[in-house]
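For reference, the structure discussed in these notes is given below.
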Amino acid sequence: MRIPIVSTACKQVQPLVSFQGGGLQAGLNMETFFRRKDKVVFVIGATGTGKSRLAVDLATRFPSEIINSDKIQVYKGLEITTNKVTDDECRGVPHHLLGIADPHSNYTAADFCLHTSSAIDSILDRGKLPIIAGGSNSYIDVLHHHPQFSLRYECCYLWVDVSLPVLHAFMSERVDRMVAAGLVDEVRKMFDPAADYSRGIRRAIGVPELDEFFRAEARGTSKKTREGLLNSAIEKIKENSCTLANRQLQKIRRLHPQWSWNVHRLDATEAFLRRRRRQDSDEAWENLVAEPANMIIGEFLYGEGISAMIPSTTTAGTGGLLPAPTAVSIATR
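For the sequence shown, the numbering used here begins at 18 and goes up steadily by one.
Here you go:
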């Protein structure tokens, strides 16, 4: 069954669904084996690490368009709760598969592969670089291991990493900002006591956690009881957000030895620490993440000879997660 497609903001580009003449549905032939591979960039990492920011940074330096690979942000609605990039954050960069699926549908990895294949082809046809960014590593893994994907595309993977204790503190603060921005009211508008929290956008962290609070509101429970339920729900949202980040990082570390991909780890921990200290975090982000990523992608697109210009800070502050590599690339196929 085809997933219903709906519109959204942020220069959203609707997916093409004919898939004729190319894409992952095209049959194997000799041309597939010998053609020059098109290039695709992935930005991966746990939730909250700055993947969207880096993708947009790169898209302002290289003619690019971004494909969302977050399995919840693909649904329409709940912009605050799902932490979709805003129009200002998009900085004019076209985005694909962001808020395009009906919120009550069941968007699958197969749907993602089909729509991503179409988006990649349309971006390449415009002479631009496809950048796939998001935290749903299972989607990326399925796409990469599709029978034809590795035959058609040469890929570079940028892994944005942040030390978990620092990331957890940031996630807690981010939830508070989301609540202040209207998360509770946003979820209240779609509350349904008979809803299925295992399907569609209602799987998003922030929706099932508020169920008991909204039921108490409907019953006219005392204000004190409601306040307690709301505070408990917010703490649960923070806890589940941190748990999600842990799972995503564990999955990256588990899959990484199997991938044998061109993966580059960029440690953004210091930028996050400076933000908490109210110091110049933008400078740290530029030095430790954006500029090294710029050099890596420059070499990936235009050939060797640029790597010597990559700052040594690329591998600084590993947070104890991995030994600092002697070169920027952790794995090179």
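The C-beta atom is built at its ideal place from N, Cα and C for all residues, glycine as well.
If you're wondering where the values come from, they're calculated on a predicted model, not measured in any experiment.
In this structure, the CA atom of I269 is about 11 Å from the CA atom of V177. Each residue's CA atom was taken as its position, placing Q267 and C107 some 29 Å apart. By alpha-carbon distance to S86, the top candidate from D193, R169 and L115 is L115.
S135 carries a helical assignment under DSSP once its states are collapsed to helix, strand and coil. Within the DSSP secondary-structure output, F59 pairs in a beta bridge with I149 and Y174. Cα atoms of E308 and S239: separation of roughly 54 Å, rounded to the nearest angstrom. A Cβ-Cβ separation of about 6 Å places E203 in contact with L95 under the 8 Å criterion. Around the beta carbon of S215, a 10 Å sphere encloses fewer than 16 other beta carbons of the protein chains shown; the residue is thus reported as exposed. Taking all protein chains in view, the Cβ of E287 is crowded by 16 or more other Cβ atoms within 10 Å, so the residue is classified as buried. At the C-beta level, K241 and G152 stay beyond 8 Å of one another. Taking all protein chains in view, the Cβ of A63 is crowded by 16 or more other Cβ atoms within 10 Å, so the residue is classified as buried. One thing to note: L246 has its Cβ within 8 Å of the Cβ of E229.
Put simply, the backbone Cα of E316 is about 19 Å away from that of L141. Fewer than three Cβ pairs drawn from the segment 192–200 and the segment 147–161 lie within less than 8 Å of each other, which leaves the two stretches out of contact. Taken in chain order, the complete alpha helix (DSSP H) segments of 4 residues or longer contained in the segment 60–127 are 68–76 and 104–107. With respect to the 8 Å criterion, H281 and L146 are not classified as neighbours on the basis of their beta carbons.
The beta carbon of G217 sits closer than 7 Å to those of Y92, P120, H121, S122 and N123, all from its chain and outside the five residues before and after it, given in chain order.
With respect to L283, F79 sits apart: the two C-beta atoms are not nearer than 8 Å.
In the structure shown, the three-state DSSP call for V179 is coil.
At least 8 Å separates the beta-carbon of I149 from that of V73. Here the alpha carbons of K54 and D138 stand approximately 12 Å from one another.
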